[in-house]
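All remarks here apply to the structure that follows.
Number of protein chains: 4
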Amino acid sequence: MTRILAISGSLRRDSMNTKLLRTAQTLVPEGVVVEFADLSSIPMFNQDVEAEGIPAAVQILKDQIAAADGVLIATPEYSRNIPGMLKNALDWVSRGPVRPLVGKPVAVVSASGSIYGGIRAQTELRQLLTHLSAGVLHSPEVAVGQATQKFNEQGEFIDEAGLRFYTTLLGNLLLKIELEQRLKALA
Amino acid sequence: MTRILAISGSLRRDSMNTKLLRTAQTLVPEGVVVEFADLSSIPMFNQDVEAEGIPAAVQILKDQIAAADGVLIATPEYSRNIPGMLKNALDWVSRGPVRPLVGKPVAVVSASGSIYGGIRAQTELRQLLTHLSAGVLHSPEVAVGQATQKFNEQGEFIDEAGLRFYTTLLGNLLLKIELEQRLKALA
Amino acid sequence: MTRILAISGSLRRDSMNTKLLRTAQTLVPEGVVVEFADLSSIPMFNQDVEAEGIPAAVQILKDQIAAADGVLIATPEYSRNIPGMLKNALDWVSRGPVRPLVGKPVAVVSASGSIYGGIRAQTELRQLLTHLSAGVLHSPEVAVGQATQKFNEQGEFIDEAGLRFYTTLLGNLLLKIELEQRLKALA
Amino acid sequence: MTRILAISGSLRRDSMNTKLLRTAQTLVPEGVVVEFADLSSIPMFNQDVEAEGIPAAVQILKDQIAAADGVLIATPEYSRNIPGMLKNALDWVSRGPVRPLVGKPVAVVSASGSIYGGIRAQTELRQLLTHLSAGVLHSPEVAVGQATQKFNEQGEFIDEAGLRFYTTLLGNLLLKIELEQRLKALA
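Chains as they are written, first to last, in this note's numbering: chain A, 1 to 187; chain B, 1 to 187; chain C, 1 to 187; chain D, 1 to 187.
Structural data, given as structure tokens:
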């Protein structure tokens, strides 16, 4: 079984980015499970708090990333960049002796009401993840623009061209996971 | 009286960036007051929460910015960029019908243990503030590198060259505030 | 008479970005003239060359910018950023005692075959121009995606929604020029 | 024998960045040769020119990169980013069916008169190379600040701490080259 951890950059119940992540489950082959991280309880990073012990919600996130074979992140765009909420979660994850994102295969998508689909937030996120030594996939770029028109009432992503690119991206993520695992088996 | 609102990108009690902001009070002429914002109670941005009403801590921050003649922000650098905590506060401030940063004179400084002094976070912050239509000052750039050696036991910033540039930056901020006020009086 | 200097980030004869600039002439009111800069003879920046005297093509560009009331730049996107050719021209312009971009009203557009329309190159260009202290307009953002389908055989830009945004952008540029001129008259 | 191709982002005869590259030859073990690329004859990118055939100077650069085991780039910083001249060379290299930077181990350094040592240009360059699928090294970061004081009259880089980090970076580059070659031998 292959496990993908889905991380949404939005806390909104009805978030288009969260819906985009849910759609992933329908696009992957059997044997691949998409699980969800929950960022809603992660506190603001504060070194004084960290010194007293990593908060439970942060530890759970780190453990989930460590246990996953790959990560899929969907991000909204606020002011040309990712939400502070998502950056804050990654600030926590990038610290300490155990850094589960290092070398981890990660794919990034975005959705937005604008015609640019959050492509700039997505690009910034890819740069941040590269800096954190994650194994970021660079193509195809799935940035869903005018996204309010691209989900049905059941919250399913229904844009044909978008689904095609999304399926390719998920296929690339699974291939990267497989190749990494074969590399490790060699070592 | 001229009012400067100081915003620290760190919640740590002993933060070098917060100390850098405190030092500003000693560098400005009489009649200028440096007040402090408190980001510790600002929740993660969530559009569902926003729909129920702006949280009190966010409203206080927006009111403080609106009431200030200028803003001074000190930021740490996490992964080449500003902390998610600070971005999250600015995500809240940049939304809604009242946007108090628009046209507001803002100066940015940074401190970090590394030799580069957080210059990349500072540059990113300046770009973000420009995008939010704040009146960002672009020089001089005060990025305090190897900062652990540059504060005394009382927490005062004591680097001579750094103090010189910092004083110039604060002078530029006050000049910009004065010019903006004269422009408004003209209109 | 108001003079707009148009600068294309592409040297290609049939460039979509150059065509986009040509269309500007048809969208501005009478009394506004769109003139073209020629970057094709600007050499690679080299401080040894600069020390012997600014090359003629660079001097002409600087003089054209100085003489213009505003500048309109159209940029392709190469590897998420502006072409090196365009950056090189701006490297020359940003040096020396006379810096004609300082305070100059500037609007930025982009066209690209991709669906994102070069929005990332455009954003980078806006940041670069902000750093050079130009008076950059931030909205609306006109990034023409899938641009190969949006010009007719005469090379005219024919996308309806795009033309509407472009006209608004040019209107904003002319308004900014007018306000700057009234400010100067006050001083 | 291991071959490193050195690429300077400055055309100036007396360039500190070129000197930094020359110093590399003295820091690598026997059996490693540092060769130099020459960007001075590379024309501005123009798709019309490209359509008539890749210019000789570009072809030579592409061949040199293909023949090298690794690449070392030194960049000045102009307006927070790399020189247009260097970006233009990479614009050429990143096009066409043969893309010799893909997977190639690359290390980046910078030197500048400012105290920040060109760290922002270096960071932008690393992002650009990542986007071009090069195998970029992320640490240590060697950005030589106040560089005018750090070379002797023979043009040798003489800063002790800087030399230590530079030697580590070159060691990392050679290790990456070796590991890549062992991986290829496995396949």
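Quick reminder that beta carbons are idealized off the backbone N, C-alpha and C, glycines included.
Host alpha helix (DSSP H) of residue i (start-end)
i: F165(D); result: E160 to L186
i: E188(C); result: Limits of chain C in this structure are 1 at one end and 187 at the other, which puts residue 188(C) out of reach.
i: E50(C); result: Q47 to A51
i: A56(D); result: A56 to A67
i: T18(D); result: M16 to L27
Where residue i sits in the DSSP three-state scheme
i: I73(C); result: strand
i: A143(D); result: strand
i: V93(C); result: helix
i: G135(A); result: strand
i: N81(B); result: strand
Straight-line Cα distance separating residue j from residue i
i: K104(B); j: S40(A); result: 32 Å
i: Q149(C); j: L163(C); result: 14 Å
i: L183(D); j: R3(D); result: 18 Å
i: A121(B); j: A147(C); result: 35 Å
i: A74(D); j: P55(D); result: 24 Å
i: E50(C); j: P140(D); result: 34 Å
i: H138(C); j: A107(C); result: 8 Å
i: K87(D); j: G145(C); result: 23 Å
i: L21(C); j: G70(C); result: 13 Å
i: E180(D); j: G135(D); result: 10 Å
i: D38(D); j: F151(D); result: 22 Å
i: M16(D); j: I115(C); result: 41 Å
i: F45(D); j: S10(D); result: 18 Å
i: A24(B); j: I119(D); result: 27 Å
i: D14(A); j: Q154(A); result: 11 Å
i: S112(B); j: F157(C); result: 49 Å
i: Q64(D); j: E35(D); result: 9 Å
i: V142(D); j: T168(D); result: 10 Å
i: V28(A); j: G96(A); result: 33 Å
i: L170(B); j: L72(B); result: 9 Å
i: S133(D); j: T130(A); result: 12 Å
i: K19(C); j: L175(C); result: 24 Å
i: P76(C); j: V33(C); result: 23 Å
i: S8(C); j: G31(C); result: 22 Å
i: A89(D); j: N81(C); result: 14 Å
i: G117(D); j: I177(D); result: 27 Å
Within chain C, partners of residue i - CB distance below 9 Å
i: T123(A); result: R80 and R120
i: T168(B); result: Result: empty, since nearest Cβ-Cβ is about 17 Å, beyond 9 Å.
Beta strand (DSSP E) segment containing residue i, residue limits
i: I7(C); result: T2 to S8
i: A111(A); result: P105 to A111
i: V33(C); result: V32 to F36
Nearest-angstrom beta carbon gap, residue j and residue i [assumed within contact, 8 Å]
i: S79(D); j: L128(C); result: 6 Å
i: Q47(A); j: R12(B); result: 4 Å
i: V93(C); j: L101(C); result: 6 Å
i: I42(B); j: A57(B); result: 5 Å
i: G84(A); j: M1(B); result: Not a contact, Cβ separation roughly 32 Å.
i: A68(B); j: L5(B); result: 4 Å
i: L186(B); j: L186(C); result: 7 Å
Residue i: contacting residues in chain B (beta-carbon distance under 9 Å)
i: S94(A); result: Y78 and S79
i: L132(A); result: S79
Neighbouring residues, chain C, relative to residue i (Cβ below 7 Å)
i: Q47(D); result: R12
i: S21(D); result: It is worth fixing the name first, because residue 21(D) is Leu in this sequence and not Ser. Within chain C, no residue comes near L21(D); the closest Cβ sits about 17 Å away, beyond 7 Å.
Proximal chain B residues relative to residue i, where beta-carbon distance stays under 7 Å
i: M85(A); result: M44, F45, G84 and N88
Per-residue contacts from residue i into chain A (C-beta, under 8 Å)
i: D91(B); result: Y78, S79, P83, G84 and M85
i: L128(B); result: S79, R80 and N81
i: L186(D); result: L186
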